[in-house]
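Data first, discussion second: the structure below is written as structure tokens.
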Amino acid sequence: MKQAEKKGIIQDINGPIVTIKLPGVQNGEQVRIGSLGLYGEVISLEGEEALAQIYESTEMVRPGEPAEGLGHPLSVELGPGLIGGIFDGVQRPLEEMFLKAGDQIPRGLNPLPLDREKLWRFVPSENLEPNMPIIGGARLGAVQETETIEHRILVPPTIEGELIELAPEGDYNLEETIGQVRDRHGRVHRLKLYHRWPVRKSRPYQSRDNGVEPLITGQRILDTFFPLLKGSKCAVPGPFGAGKTVVQHQVARWANADIVIYVGCGERGNELVDVLDSFPKLKDPYTGRPLMDRTLLIANTSNMPVVAREASIYVGITIAEYYRDQGYDVVMLADSTSRWAEALREVSGRLGQMPVEEGYPAYLASRLAAFYERAGRVETMDCGKGSITLIGAVSPPGGDFSEPVTSHTKEIIQTFWALSKELADARHYPAIDWVDSFSADVGTAAEWWHESIDRGWEKRRAQALGMLARDAELSRIVNLVGPEALSSAQRWVLEGATLIKEGVLQQSALDPVDTFSSPEKQFMLLDLILSVYDEGAALIELGVPVQELAEMPVLARLRRCKELYDSSQTDRLEAFRNEALKDFKDIHSEYAQRGEQTA
Amino acid sequence: MSAKEYRTASAARGGLLTVANVPNIAFGDRVRIRDHQGNTRNGQVIRTSNEEVLVQVFEGTAELDLESTWVRFLDEPVEIALSPEILGRVFNGLGEPRDFRPPIVSNLRRSISAAAFNPAARTYPKEFIQTGISTIDGLNSLVRGQKLPIFSASGLPHNRLAAQIVRQAKLPDDDSRFSVVFAAMGVSYTDARFFQEAFASSGVLGNVVMFVNMADDPPVERLTLPRMALTAAEYLAFDLDRHVLVVMTDMTHYAEALREVATAKGDVPARKGYPGYLYSDLAEIYERSGRIKDRHGSITLVPVLSMPSDDITHPIPDLTGYITEGQIVLSRELNNQGIYPPVHISPSLSRLMKDGIGKDFTREDHPHVSNQLYALYARALETRNLASIIGADELSARDRRYLEFADAFEQRFVRQREDEDRSIEETLNLAWDLLSAFPPQALTRVNETEIAKYHEQSA
Ligand SMILES: Nc1ncnc2c1ncn2[C@@H]1O[C@H](COP(=O)(O)OP(=O)(O)O)[C@@H](O)[C@H]1O
Ligand SMILES: [Mg+2]
């Protein structure tokens, strides 16, 4: 960055795409253009001319105005102070911009992402001593970033050599030197509490690892039916209004992750306000601390410039990698990856590149794959295991899952939470379709459930899915020839499936009790409803009419259990279970007696 | 300020004019064009280099003669003059009066393409607006600062519904200052007249600013019109502390105008010939509604659009639904049965309802009642379907109850008179009236306390 700055001039302005004459500039380099100093990045070069995409509106910028190359690619600042913040698509701090510049986002303003004045108490790692060899990614020490997050200070990944100095415990601001490393060329690097990293380049780690345990989200249909492992990739496609954002907010709220990064990419401003308003008031169910203590927001809403939207998910994933490298389990949510793909399409269209499908460029699939590939569970350089679980919303035009973004994404991910308009229209929330959704992680998740919750998990899960499939089949018959065509046992299957839908699958994000369901509660509810079904099925064998069973008052209660007992009240749930099953036993003995009498 | 006129127009195609050899013209600059008859047209620079400048001409390029076309670059973005005097006035898409009164004179001029609101500057909209319409208040509540479009189709009474909303919308116990901004794009004379009369008869005319582009006015003007209207709305809301209700109709004509210009520019089409940036373009408009920290006013946006061939998956309603905070969908079927307002409940949604209703806002049972009606109606429609296949006589007693519910719901809850202004209490009581046809154990979305309090059989 110390090299002589490159100066040039603007030649052509076509919306966010600007041609500049800037000899010596590199592809990918950051530029500032015009008298306002708008930020952008070079996306292609031809001779002395460079094509740059600009992150801000180019209104009233003119040819002949100056342009300069900044000597580095789009990078983010990584250091303490990130958590709890809200940044735009190129990591400008939005809260600070609001205080400094008012309601609207002004152009050419570029405050530093991280606070330079704040002092952090740095505690050096005990195992380090001067003259030791040290590698990139090594843990130099830590500062307490929030009450729950110990921020581990890492040697920047590109620096390696001999540690010549490490600061003692004390209060430091971001610009103070906390260590020095001499590389093999003899150059001395001063290390600070933060460093920069280019967003389009993934950060190094030692090795990849398999996922071993599920991410618990507290949402029954997700955890019990379509589990996601920590370090997995997942897509949430659905038409508008089906519940993509609510699913993502619920995961951000209740997932057992260390860090949550929420990227609002081309979506509504008010949805980010919702997070900003509600998260500080909600408690992390695992640590009891306000949720904002582990959350970071990247906001590039639909009305903000499109090019910065393209950058936003890279900014998000780079920050995610940084916390992963500290040994944390990170969840990154991107709402919506379709808007990112559209930004890609818009830029490609302006460049006159040949579109292949629905206007998208040929490299859509490979860009998507490369992005999702940055998720995963790894052995970090010096902080043990860390993971990034990546959950992307997909917004298919017209709700058609065969469109390019959905279909390419589907080939990349392991877990697919497909949202259905029909379910949403009937206010069956979360409107996750149990036929179209899938998880490739059920086997591994089962091991965890069997160890930690109950050995019967996999069997019960399969039974419930089987009943839902039977329900669909039988409903088709009913729709052709009417309910009279079904046997009593078949009609009891329909009743049972309804109980599963209402008592287990439906889960209101708005209900204070039902919004989160611990794994124990999830299994108890499922097991209870299936036990009731099994008992009923046995009674039907004895000749008890379906009608009599369907009208048992205990069933209405059963449907409400999810919101009557919270996750800590499993004993009350257990008591209800005994009561409910007793009602069935009573009918059983009644009918058994009658049977004996008639015999 | 360059007063110089250029006569170097080199090409005219669609709504676009190319001008050669004009140095240092700003992107987005306003342009004034004088044609061979001495008539002026207006335009805006949409691409610029020293060799060539591309100008979008709002009135179109028909009958331009390149030889004798004079082009002047005004060195300013497209702007609107603002003062409290705009209330009660009628403008075109360029902000010029179309009510035969003098233009607005003011030092305050603002570019119509405002910078985006900082998400950190917004406050979450929460205040329930009572429209007096049960399907909206009860099931898809509108809150102050929301963007809630009406998805309609040709021949459906969306204008009457929009006018009824304007007439009846109020906040319970609040009489703060209220204005209407009306933006009409490509509308017929009958429709424009209808609104004018509706505003006049409800006595709000003096509080309305109208921006009107008729069906036979230049289509390109439709691109600036909503931005003019919203800049005026922002002024009323955030400078003058007013609560502004913006009604825009018809967004389909807006999008078609955008497609026309995009095609002329040679932009890569995404779906149905609409450019890939239609989403971002619509978002720039819709996201200008909302509430801002420490500001008293608000912008509530009700865009009206017609779904081409009644198709909700068409790019215009589809992209709109992806941006707005819900949608009110009208149904041809209900309309054919003579039900007004023909609100199709199932696909309708208000995303901001959850925080604006319930205990401290409307009534504690409201969220559950709304869910319960939705669930019952969905089931009832399935039953109706079944009945049409196997015959109503074949239905079980339980199913027949659903069938009766569907009819009662449509006839009593959905249907109401155009001048019928139901309070939220009335709407909720009516809902319980319908719910009470079911035994309490069939109602699983409302809770036991609510049943005890409102269900007729338990009272
Ligand atoms: N789990 C849920 N519980 C309650 N309401 C829900 C749930 N999921 C979705 N909704 C409702 O559906 C609406 C639309 O959901 P949203 O996530 O915004 O849709 P999308 O992002 O797919 O357009 C929400 O505003 C909310 O009213
Ligand atoms: Mg969403």
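Sequence order for the protein chains is E and X.
For the first sequence, the tail end lands on 599 under this note's numbering, and the numbers increase by one without skipping.
For the second sequence, the tail end lands on 459 under this note's numbering, and the numbers increase by one without skipping.
From the three backbone atoms N, C-alpha and C, an ideal C-beta is built for every residue, glycine too.
Predicted model, so just to flag it, every value in this text is computed and none were measured.
Check, Outcome
"Among V31/E, P237/E, D583/E and G8/E, the one whose alpha carbon lies nearest that of R339/E", "P237/E"
"Cβ-heavy atom distance, T313/X to ligand 2, below 8 Å", "no"
"In DSSP terms, what L78/E is bridged to", "H195/E"
"DSSP state of A459/X mapped onto helix, strand, coil", "Residue confidence is low: A459/X scores 49 on pLDDT, short of 50, so the model does not pin down where it sits. Its coordinate-derived value is still stated next. Of the three classes helix, strand and coil, the one that applies to A459/X here is coil, per DSSP."
"Closest Cα partner of V347/E within the set G34/E, V442/E and Q53/E", "Q53/E"
"Contact check, A393/E vs L465/E, beta carbons under 9 Å", "no"
"Span separating the alpha-carbon of M1/E from that of A114/X", "Residue placement at M1/E is poorly supported in this model, since its pLDDT is 42, which falls under 50; the coordinates still yield a value, given next. Their backbone Cα atoms lie some 34 Å apart in a straight line."
"Cutoff 9 Å: L174/E Cβ touching any chain X Cβ", "no"
"G85/E: contacting residues in chain X (beta-carbon distance under 7 Å)", "Neighbours of G85/E on chain X: none; closest Cβ ~10 Å, over 7 Å."
"Contiguous alpha helix (DSSP H) assignments of at least 4 residues, all confined to the region 198-271 of chain E", "244-254"
"Span of the alpha helix (DSSP H) around K265/X", "M251 to K265"
"Closer than 8 Å: R351/X CB and nearest ligand 1 heavy atom", "yes"
"Residues that D103/E contacts on chain X, provided the C-beta gap is smaller than 7 Å", "F117, N118, A121 and I292"
"Beta strand (DSSP E) segments (min. 3 residues) lying fully within the region 290-353 of chain X", "298-306, 326-330 and 343-350"
"7 Å Cβ cut-off: residues of chain X touching D274/E", "Y124"
"beta-carbon R309/E near ligand 3 non-hydrogen atom, thresh 8 Å", "This structure lacks ligand 3; the ligands present are ligand 1 and ligand 2."
"Chain X contacts made by the region 471-491 of chain E, where a contact means CB separation under 8 Å", "V478, N479, L480, V481, G482, P483 and E484"
"Ligand 2 heavy atom lying under 8 Å from the CB of D274/E", "no"
"Short CB-CB distance (under 9 Å) between P239/E and chain X", "yes"
"Outcome for P404/E when other beta-carbon atoms lying within 10 angstroms are tallied against a minimum of 16", "buried"
"Simplified DSSP assignment, three categories, for L17/X", "strand"
"Contact test: A393/E Cβ vs ligand 2 heavy atom, cutoff 8 Å", "yes"
"Identity of the residue in K459/E, V315/E, G243/E and L344/E nearest G321/X by Cα", "G243/E"
"Below-9 Å beta-carbon distance, F361/X vs any chain A residue", "Among the protein chains of the structure shown, namely E and X, there is no chain A."
"Sub-9 Å separation of L245/X and V302/X beta-carbons", "yes"
"Chain E contact for E394/X (CB, 9 Å cutoff)", "yes"
"Per-residue burial, G15/E [other beta carbons within 10 Å of its own, 16 or more giving buried]", "buried"
"6 Å CB neighbourhood of Y360/E in its chain, flanking five on each side removed", "R345 and P404"
"Short CB-CB distance (under 9 Å) between G264/E and chain X", "yes"
"Alpha helix (DSSP H) segment containing Y402/X, residue limits", "A397 to A408"
"9 Å Cβ cutoff, M1/X in contact with chain E", "Low confidence applies to M1/X: its pLDDT is 45, below 50, so where it sits in the model is not reliable enough to give any reading."
"Contacts around F584/E, its chain only, beta-carbon distance under 6 Å, and the 5 residues preceding and following it disregarded", "E535"
"For I136/X and A50/E, the rounded distance between their alpha carbons", "53 Å"
"Three-state secondary structure (DSSP) of A12/X", "strand"
"Residue range of the unbroken alpha helix (DSSP H) whose run includes F98/E", "L94 to A101"
"Cβ separation of D511/E and E563/E, assumed to be a contact under 8 Å, to the nearest whole Å", "5 Å"
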